[in-house]
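These notes concern the structure reproduced below.
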Amino acid sequence: MDRKQQLLRKIADRQAVIGVVGLGYVGLPLAVAFAQEGFAVIGVDVDPGKIDSLSRGESYVEDIPSAVLGPLVEGGLIRVTTDYAGLAGADAISICVPTPLRKTKDPDISYIVNAADCLATHLPPGNGQLVVLESTTYPGTTDEIVLPYFARNGYEVGRDFFMAFSPERIDPGRTDYTVRTTPKVIGGVTPDCVDVAVALYGTVVDRPVPVSNTATAEMVKLLENTFRAVNIGLVNEVALMCDKLGLNVWEVVDAAATKPYGFMPFYPGPGLGGHCIPIDPHYLSWKLRTLNYTARFIELASEVNSHMPDYVVTKVSDALNDERKAVNGSRILVLGAAYKRDVGDVRESPALDVIHLLRERGADVVYNDPYIPTLRIDTHSMSSVDLTSEALASADCVVVVTDHAVYEWEWIVTHARLIVDTRNAVKSAGDARIVRL
Ligand SMILES: NC(=O)c1ccc[n+]([C@@H]2O[C@H](COP(=O)([O-])OP(=O)(O)OC[C@H]3O[C@@H](n4cnc5c(N)ncnc54)[C@H](O)[C@@H]3O)[C@@H](O)[C@H]2O)c1
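Position one of the sequence shown corresponds to residue 1494 (my numbering), numbered consecutively onward.
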């Protein structure tokens, strides 16, 4: 039996040992999915705090309850460590490390490079393992950056080891689609690589979607997220246009969405947030810049979207002005700091910009977020205040940045005086004056 057949057999028999590198929002659910399918999983993360809590069976990812993780850890199906040496016996490894931007908005692939380097050091070379990169990145990364770490000393990809790229589509907080029911795109370096990767992911995903090569799979992910960034940029600009025209953008989008074909609703908001939509398109535009091409839609959408926190602050300022008040000295309560509803993630959250800009203008800003107990804005630390009727009534303006499901809007409008609502969350006015985006 050649190495491919051996690996396929181990996968089919659930004898393959699966390694997951990077146990965050992407890696942890994947590790759990493989363990639930009966595979032994070894998780590696460089953050000792995360490994500590995982080894006690405690999850820090909202979508993975500790009640689900705990028994898998206790039963030995998931083992976690900070030490890459623990992966020496792994048959397939998924790399799920961060891919942020540098300050210059250029890709920071140092986490991928570090993970590839550590893996290549600790895996027995040419032992027939499958290595899959899942981190979102620009087309060419798998073949140009990761592959060379493994294809050395005469070891050949597709014969001695296998390599693929498979982007993660997880949407934190979403319950209608799971790891299993979300189709998964897979591109291999060679046809045998894609066969092995499809066999592996086919155990935890109903529909693997093979594509021609790794760069295509890398591009698919960037198309998906650029599609969102550009459409959100478009609707944010429509919000600015509606404001000038004296129209309600939410009514316009909802009515347009009644068209049964050819229209997909996107909604305006205070700006992009999270680890994906504000970042991933820049991986693509950076790559295109190296080829002397300007990704115009991406640049324009980024310009419109990154302006939205300023626009929110202008709305707050105008709303206060109507009450003969200045931003300077006003008490402003920001509701929601997370980048989206019902998650505890503040990465790239527009709330950070909104709070920063309001503080810069002299406002006395407090925030409430049931998922985010503390925040750091520049050098300033803040703690979430209790959401009481007094907190609402004492605010000159309440700014809705994140529409968490736990917020009781009816109750909020009976106590607040002035609300700037960036999410169209508040349906009835109560005693408060409501200003929508
Ligand atoms: N969060 C999402 O919704 C989402 C969705 C789809 C794709 N992605 C992509 O998946 C990748 C991971 O994102 P995430 O949200 O899970 O990030 P995350 O920050 O939640 O998790 C990444 C983990 O990797 C660990 N890590 C960093 N360097 C490491 C190394 N060298 N070795 C081992 N562990 C290391 C970190 O400590 C962290 O726990 C990114 O490329 C992201 O763009 C994220």
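Using N, Cα and C, we set each Cβ at its ideal position, and we do this for glycine too.
Same chain, Cβ closer than 8 Å to residue i, five either side skipped, listed in chain order
i: Asn1798; result: Ala1722, Ile1725, Gly1726, Asn1729, Gly1764, Leu1765, Pro1771
i: Val1806; result: Val1820, Val1847, Leu1850, Leu1851, Arg1854
i: Ala1578; result: His1615
i: Val1906; result: Ile1912, Val1919, Ser1921, Ala1922, Gly1923, Asp1924, Ala1925, Ile1927
Residue i: CB within 7 Å of a non-hydrogen atom of ligand 1
i: Pro1665; result: yes
i: Val1704; result: no
i: Lys1677; result: no
i: Lys1543; result: yes
i: Thr1674; result: no
i: His1768; result: yes
i: Val1537; result: yes
i: Glu1637; result: no
i: Ala1608; result: yes
i: Pro1774; result: no
i: Gly1651; result: no
i: Pro1591; result: yes
i: Glu1530; result: no
i: Ser1628; result: yes
i: Asp1540; result: yes
i: Leu1516; result: yes
i: Arg1439; result: Residue 1439 lies beyond the residue range present for the chain, which begins at 1494 and ends at 1930; the question has no answer from this structure.
i: Val1519; result: yes
Beta-carbon proximity of residue i to residue j, cut-off 8 Å
i: Val1878; j: Val1892; result: no
i: Tyr1642; j: Pro1600; result: no
i: Val1672; j: Val1697; result: yes
i: Arg1934; j: Ser1887; result: Nothing about residue 1934 can be reported from this structure: the residues present for the chain run from 1494 to 1930 only.
i: Ala1490; j: Leu1885; result: Residue 1490 falls outside the range modelled here, since the chain spans only 1494 to 1930, and no answer is possible.
i: Val1899; j: Pro1863; result: yes
i: Thr1575; j: Val1537; result: yes
i: Leu1777; j: Leu1715; result: yes
i: Ala1657; j: Leu1616; result: no
i: Val1519; j: Leu1547; result: no
i: Trp1743; j: Asn1917; result: yes
i: Ile1605; j: Thr1592; result: yes
i: Ile1791; j: Thr1719; result: yes
i: Asp1954; j: Lys1497; result: Given a span of 1494 to 1930 for the chain in the structure shown, any question on residue 1954 remains unanswerable.
i: Ile1557; j: Leu1523; result: no
i: Arg1840; j: His1768; result: yes
i: Leu1930; j: Ala1748; result: no
i: Ala1609; j: Ile1586; result: no
i: Val1691; j: Phe1654; result: no
i: Pro1660; j: Thr1629; result: yes
i: Val1561; j: Val1590; result: no
Whole-Å CB distance - residue i paired with residue j, under 8 Å assumed
i: Gly1829; j: Ala1844; result: 6 Å
i: Ile1535; j: Val1510; result: 7 Å
i: Ser1559; j: Glu1567; result: Not quite, the Cβ-Cβ distance comes to about 11 Å (not below 8 Å), so this is no contact.
i: Val1650; j: Val1687; result: About 12 Å; that fails the 8 Å criterion.
i: Thr1707; j: Gly1680; result: 4 Å
Contact set for residue i: own chain, Cβ-Cβ below 6 Å, skip 5 residues either direction
i: Phe1759; result: Asn1724, Ile1725, Val1728
Residues near residue i in its chain [Cβ-Cβ closer than 7 Å; skip 5 each side]
i: Glu1555; result: Pro1665, Gly1666, Val1836, Gly1837
i: Lys1937; result: Since the first residue of the chain shown is 1494 and the last is 1930, residue 1937 is not available in this structure.
Min CB distance residue i to chain B below 8 Å
i: Thr1707; result: The chain labelled as chain B is not found in the depicted structure, where only one protein chain is given.
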